[in-house]
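Anchor point for the sequence shown: position 32 equals 154 in the working numbering, and the numbering is continuous, going up by one each time. All residues carry an ideal CB built from backbone N, CA and C; glycine is no exception. Notes for the one structure printed next.
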Amino acid sequence: MPAKETILIVDDEEAIRKLLGRKLVSMGYWCREAGSAAQAIDELQAGAVALVLLDIKMPGKSGVQLLPEIRAVYPDTVVIMATAITDTNIAVHCMKHGAYDYVTKPFNLGGVALSVERALEQKRLEMENREYQQHLEERVSQQAEKIRRSFLNSITALAYALEAKDRYTSGHSERVADLSVAIATELGLPSEEIEKIRLAGLLHDIGKIGVKEPVLNKPDRLTDDEFQYVKSHCELGERILAPIVEDKDILFMVRHHHERYDGAGYPDGLPLTEMPPPADILTVIEGFPEMVHEETGGGVPSWCRGASVLAVADSFDAMTSARSYRKAMSDEIACAEIERGRGIQFTPAVVDAFLRVKKKMPVAG
Numbered sequence: 123m124p125a126k127e128t129i130l131i132v133d134d135e136e137a138i139r140k141l142l143g144r145k146l147v148s149m150g151y152w153c154r155e156a157g158s159a160a161q162a163i164d165e166l167q168a169g170a171v172a173l174v175l176l177d178i179k180m181p182g183k184s185g186v187q188l189l190p191e192i193r194a195v196y197p198d199t200v201v202i203m204a205t206a207i208t209d210t211n212i213a214v215h216c217m218k219h220g221a222y223d224y225v226t227k228p229f230n231l232g233g234v235a236l237s238v239e240r241a242l243e244q245k246r247l248e249m250e251n252r253e254y255q256q257h258l259e260e261r262v263s264q265q266a267e268k269i270r271r272s273f274l275n276s277i278t279a280l281a282y283a284l285e286a287k288d289r290y291t292s293g294h295s296e297r298v299a300d301l302s303v304a305i306a307t308e309l310g311l312p313s314e315e316i317e318k319i320r321l322a323g324l325l326h327d328i329g330k331i332g333v334k335e336p337v338l339n340k341p342d343r344l345t346d347d348e349f350q351y352v353k354s355h356c357e358l359g360e361r362i363l364a365p366i367v368e369d370k371d372i373l374f375m376v377r378h379h380h381e382r383y384d385g386a387g388y389p390d391g392l393p394l395t396e397m398p399p400p401a402d403i404l405t406v407i408e409g410f411p412e413m414v415h416e417e418t419g420g421g422v423p424s425w426c427r428g429a430s431v432l433a434v435a436d437s438f439d440a441m442t443s444a445r446s447y448r449k450a451m452s453d454e455i456a457c458a459e460i461e462r463g464r465g466i467q468f469t470p471a472v473v474d475a476f477l478r479v480k481k482k483m484p485v486a487g
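Okay, here's the thing in structure tokens:
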């Protein structure tokens, strides 16, 4: 018969150890013996033990004292207490503190065998359930990662679909995302927030899908009416993304990437200040009242920080890219324009971080 689990018999009487050992070996178990608590600890340390038959009364440290040590260090090892009939109350106490069962002396070997089988079967079921839960968590995690990758692929497809409508903005969203990440990293923002900013950078102009191509590609400057029409892409982008993007920070960044530090931007005229905007201004954002009092590091809401970063990155890339109505500016001139807008159009701390980032990058002529 193939060997089953290993059982440790702990009793100060050798005759009892031998009696129990013969019975359990005949059932196919490996058996080891210990005559004291100290020897039991040595045996447990020597190799895996599935079950301990532990005598309650032993010279020195008793089984009652040894039980919590076994349960603490070897939580997967099952313990069955062995006791005289007169000590059953103590045995019940031990069961309340982690022992699986107890058997009484003089032993009924059939009863001992049945208790051991039940205890080990219970242990097997618990281990199988634990493994199932672990595998389930892994599968859920893998599925969540697949969904996330699919979501990111969809985002990229949306961004590319947008830029396919306008040859002048090819690569704009990706460049804005990359520059925004560099600025956010320079600012020392948390990695989770940086990832949100990256996604918002990819999506910030997605609302332009709803803007007619003749207006997007107009070779002359836009009329006031046309400019108002183009400005609607911020709100439209939020509406397009709301059914598939649950993160409100990302939605807010997309909506507010054209807001200004002085509050003269659009669509809501929210000031991207270094302190939270007044609550009565924030309440104009319908559907997200809980964001009114949400603040994180530095006292600035995370979506507000993200929108400030996007505003700088978006403006810089727009200025350094050719448009149907003008040529591209040089990096040097664009940086000077960004610096000129510090504290007016752009958040000062973001401008400073942007300029530090640009110094580390090769300058295009």
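- In the DSSP assignment, aspartate 371 falls outside any beta strand (DSSP E) and within the unbroken alpha helix (DSSP H) covering 370–378.
- Unbroken beta strand (DSSP E) runs of no fewer than 3 residues, entirely contained in the region 414–468, are not found.
- Contact between the region 179–197 and the region 159–169 is present: three or more C-beta pairs spanning the two stretches fall below 8 Å.
- Between the alpha carbons of tyrosine 222 and arginine 427 lies a gap of roughly 56 Å.
- The three-state reading of DSSP puts threonine 210 in helix, counting H, G and I together.
- In the DSSP assignment, leucine 166 falls within the alpha helix (DSSP H) that extends over 159–168.
- When the beta-carbon positions are compared, glutamate 285 and histidine 294 come within less than 8 Å of each other.
- Within the DSSP secondary-structure output, tyrosine 224 pairs in a beta bridge with Met203.
- Distance from aspartate 133 to aspartate 177 at the Cβ level is roughly 4 Å; contact confirmed, criterion being Cβ atoms closer than 8 Å.
- According to the DSSP secondary-structure assignment, aspartate 177 is paired through a beta bridge with Ala204.
- By the Cβ criterion, the region 308–323 is not in contact with the region 442–461, since fewer than three pairs of Cβ atoms, one from each stretch, lie closer than 8 Å.
- The region 249–268 and the region 220–239 do not touch, with fewer than 3 CB-CB distances between them shorter than 8 Å.
- The criterion of a C-beta distance shorter than 8 Å is satisfied by valine 201 and valine 174.
- Rounded to the nearest whole angstrom, the CA to CA distance from arginine 478 to threonine 469 is 15 Å.
- Taking a cut-off of 8 Å on C-beta distances, the region 349–356 touches the region 372–380, as three or more cross pairs fall below it.
- In the DSSP assignment, valine 132 falls outside any alpha helix (DSSP H) and within the unbroken beta strand (DSSP E) covering 128–132.
- Residue range 152–156 is occupied by the beta strand (DSSP E) that includes glutamate 155, with no alpha helix (DSSP H) assigned at that position.
- Per DSSP, histidine 355 is one residue of the alpha helix (DSSP H) stretching across 355–363.
- Closest by C-alpha distance to alanine 444, out of Glu314, Ile331, Lys340, Cys216, is Lys340.
- For isoleucine 372, the CB contacts under 6 Å within the same chain, skipping 5 residues up- and downstream, are Lys318, Leu321, Ala322 in chain order.
- Within the same chain, and ignoring the five residues on either side of arginine 139 in sequence, the residues whose Cβ sits closer than 7 Å to its Cβ are Ile131, Asp133, Glu155.
- In this structure, DSSP gives asparagine 230 a state outside helix and strand, which the three-state scheme calls coil.
- In the structure shown, leucine 311 adopts coil according to DSSP, grouped into three states.
- Only residues of its own chain outside the window of five on either side were considered, and among them Ala206 have a CB closer than 6 Å to the CB of lysine 227, listed in chain order.
- Within the same chain, Cβ atoms closer than 8 Å to the Cβ of valine 147 are found at Cys153, the five residues on either side in sequence being excluded.
- Residue burial is scored here from C-beta neighbours: isoleucine 269 has fewer than 16 other C-beta atoms within 10 angstroms and is therefore classed as exposed.
- For serine 430, the CB contacts under 6 Å within the same chain, skipping 5 residues up- and downstream, are Leu394, Thr469, Val472 in chain order.
- For leucine 392, there is no enclosing alpha helix (DSSP H), as DSSP gives it neither H nor E.
- Glutamine 256 has its alpha-carbon roughly 57 Å from the corresponding atom of glutamate 348.
- Taking a C-beta distance under 8 Å as the contact criterion, isoleucine 305 and alanine 450 do not qualify as a contact pair.
- In the DSSP assignment, isoleucine 331 falls outside any alpha helix (DSSP H), carrying neither H nor E.
- In this structure, Ser437 is the residue among Arg464, Ser437, Ile129 with its C-alpha nearest to the C-alpha of valine 298.
- Taken through DSSP and simplified to helix, strand or coil, tyrosine 196 comes out as coil.
- Judged by their CB atoms, glutamate 296 and leucine 324 are nearer to each other than the 8 Å cut-off.
- For glycine 387, the number of other beta carbons within 10 angstroms of its own is at least 16, and it is reported as buried.
- Serine 148: member of the alpha helix (DSSP H) spanning 136–148, first to last residue.
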